[in-house]
Structure formats: structure tokens, C-alpha cells
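Novice:
Residue numbers (the UniProt record's numbering): 1 to 250.
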């Protein structure tokens, strides 16, 4: 299934999700209040009113939920759960917000852009260093779409397996209880033996999926050749944002 076909599929799904989201606003609002412990009562009232009266179009449009695991580009031993909520923005571009889990009180930890192979190959060489391939994440079963029928998920990943992602986490929740510091460049796994199996088991149990089962039913998806320049961390060096003082332009 090509990205253009996927856009029609996800657009229809988006409209359906948007309608459901509006219809369930009241129930969401009540659930949200349960996660607002310690907030002033007037903030809770505002949250309740907002749920009933305001449409959140960008959020409603994020109809695709993908669940995966990320590694820090400069420290592959640091591996974290990442729940993606995405919209197919253009024929060769997805954009996603990332949370630490799929829950009402989940922490917003980052963003990811997903592009086609053609667009990736057109990038400047220094830009390619920021991107990772999705070939292994999908073939291994690590990246999953919980709750989606197998036939639909399989068709979706047949296309996504050839894409590339650029991911930054703004909350290092594996070491901090607050979003300290500079954004961190993240990467994806590229071969067996890299991911911590206990993390996979924990994620599978939490989300209700089987990575091994995913892997088995994706065996027929062709393994693409990774375009040069992706997965820069595999070379032994990578880039990572740092904070530094700089003059202010006036």
C-alpha cells in the first residue's frame, strides 16, 4: 500500500475518530478530572468546560496510535517506551506526538516526523544524521498498532517499513521526574540483540500485544535496503543537542 493510498485510509479514519472524540468529550472530561489531583478547583472547571465546548482539531486528527521503543542516540543502553499518536499530514510525511504510555495522565516526552525513502534520500548529508530507519522496528515486531485488525496493520506496515523517522525527546523520563535539559536525539533498533528483552516483555504486557507474534506475521514483508546516511549512531559517533550560551540578537 503506497503512502497516497494510506492517506485516504487514514483520512477516513481521522473523520471517524474526530466524531467519536466529540461525542465522548464528557466522558473524557470526567476521566481527566480524576488525574487532576492537587490542581485548583477552578482549573478543573476550566478543563471540564473546555472538553465540552472546544474542538481540538490537531489532536482529533491524530488518528493513528503506534507503540514502540526508542534508544538515545549517544547511549544505546538507555531504552524507553514511546507511545506515538500520529497524523498522515502529507503523502510522504507523518507527524507524531510521543507520550511515555497510552493513558490519561501520560507524560508528553517528544515528537517524531516520519518521511518516505525518496524524501530521505533528498536530504543534505548532515540532516540525514538525525534520522533512523524503521525496517527492523517493523520486521522485528517492536513497532505495533495496538487494537488494529491484523490485516489493516499489516498493510500499513508494508508501507511504513520503508520510511525514516526523526525523533527528539524533551523529557528524559527514565532519569528525571521533570523535563530537564536540552532535547535528546533518539534512534530505533536495527538488529537482534540490541533491545532489552525485559523492556519488550514489560511493554507487551502493558499494551496487550505480542512482539514475537508481530514478528511472525510480518515475515512476508520484504526487508528494505537501508538508505546511506541513516542510523548514524551505528558508526560509533553521533550528534546530540547541548545547551550553550549565545549572544542575543536585537
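Idealized CB from N, CA, C, for every residue including glycine.
When we look at the beta-carbon of residue 235 and count the other beta-carbons within 10 Å, is it buried (16 or more) or exposed?
Specialist: Position 235 of the chain shown holds residue 235. Flag for residue 235 reads exposed.
Novice: Taking DSSP as the reference, what is the three-state secondary structure of residue 131?
Specialist: Locating residue 131 in the chain shown gives position 131, where the first residue counts as 1. Strand at residue 131.
Novice: Whole angstroms is fine: what's the gap from residue 185's alpha carbon to residue 232's?
Specialist: Taking the chain shown and counting its residues from 1, the one referred to as residue 185 is at position 185. Taking the chain shown and counting its residues from 1, the one referred to as residue 232 is at position 232. Computed Cα separation, rounded: 11 Å.
Novice: What separation, rounded to the nearest whole angstrom, lies between the Cα atoms of residue 162 and residue 57?
Specialist: The residue you call residue 162 lines up with position 162 of the chain shown. The residue you call residue 57 lines up with position 57 of the chain shown. Taking the straight line joining both Cα atoms gives about 29 Å.
Novice: Let me check one thing: in DSSP terms, what residues is residue 110 bridge-paired to?
Specialist: By 1-based counting over the chain shown, the position of residue 110 is 110. Residue 110 is bridged to 98 and 169.
Novice: DSSP beta-bridge partners for residue 69?
Specialist: Locating residue 69 in the chain shown gives position 69, counting from the first residue. The partner list for residue 69 (beta bridge, DSSP) reads 81.
Novice: Taking the alpha carbon of residue 307 as the point to measure from, which residue in 80, 76 and 51 has its own alpha carbon closest?
Specialist: Since the first residue of the chain shown is 1 and the last is 250, residue 307 is not available in this structure.
Novice: Quick check: the Cα distance between residue 165 and residue 127, rounded to an integer number of angstroms?
Specialist: Taking the first residue of the chain shown as 1, we reach residue 165 at position 165. Taking the first residue of the chain shown as 1, we reach residue 127 at position 127. If you take the alpha carbons of residue 165 and residue 127, they lie about 12 Å apart.
Novice: Does DSSP put residue 24 in a helix, in a strand, or in coil?
Specialist: Taking the first residue of the chain shown as position 1, residue 24 is located at position 24. Bear in mind that a pLDDT of 43 at residue 24, under 50, signals an unreliable position, so the model cannot answer this.
Novice: With a CB to CB cut of under 6 Å and the five nearest residues on each side skipped, what residues in its chain are close to residue 82?
Specialist: For the purposes of this step, residue 82 is identified with residue 82 of the chain shown, where counting begins at 1. Within the same chain, residue 82 has close Cβ partners 68, 70 and 98.
Novice: Looking at residue 157: is its Cβ nearer than 9 Å to the Cβ of residue 215?
Specialist: What you label residue 157 is simply residue 157 of the chain shown in a count that begins at 1. What you label residue 215 is simply residue 215 of the chain shown in a count that begins at 1. For residue 157 and residue 215, no; Cβs fall outside 9 Å.
Novice: If you scan the region 182-240 from start to end, which runs of the beta strand (DSSP E) of 3 or more residues do you find wholly inside it?
Specialist: Entirely contained in the region 182-240, the beta strand (DSSP E) runs reaching 3 residues are, in chain order, 184-187.
Novice: Take residue 190 and list the residues in its own chain whose beta-carbon comes closer than 6 Å to its own, dropping the five residues that flank it on each side.
Specialist: By 1-based counting over the chain shown, the position of residue 190 is 190. Same-chain partners within the cutoff: 136 and 231.
Novice: Would you please state the rounded distance, in angstroms, between the beta carbons of residue 138 and residue 221? I believe it to be under 8 Å.
Specialist: Translated into positions along the chain shown, residue 138 becomes position 138. Translated into positions along the chain shown, residue 221 becomes position 221. Right, the Cβ-Cβ distance comes to about 7 Å (below 8 Å), so this counts as a contact.
Novice: Exposed or buried, what is residue 62 when buried is set at 16 or more other beta-carbons lying within 10 Å of its beta-carbon?
Specialist: Along the chain shown, one-based indexing puts residue 62 at 62. With 16 or more other Cβ atoms within 10 Å, it is buried.
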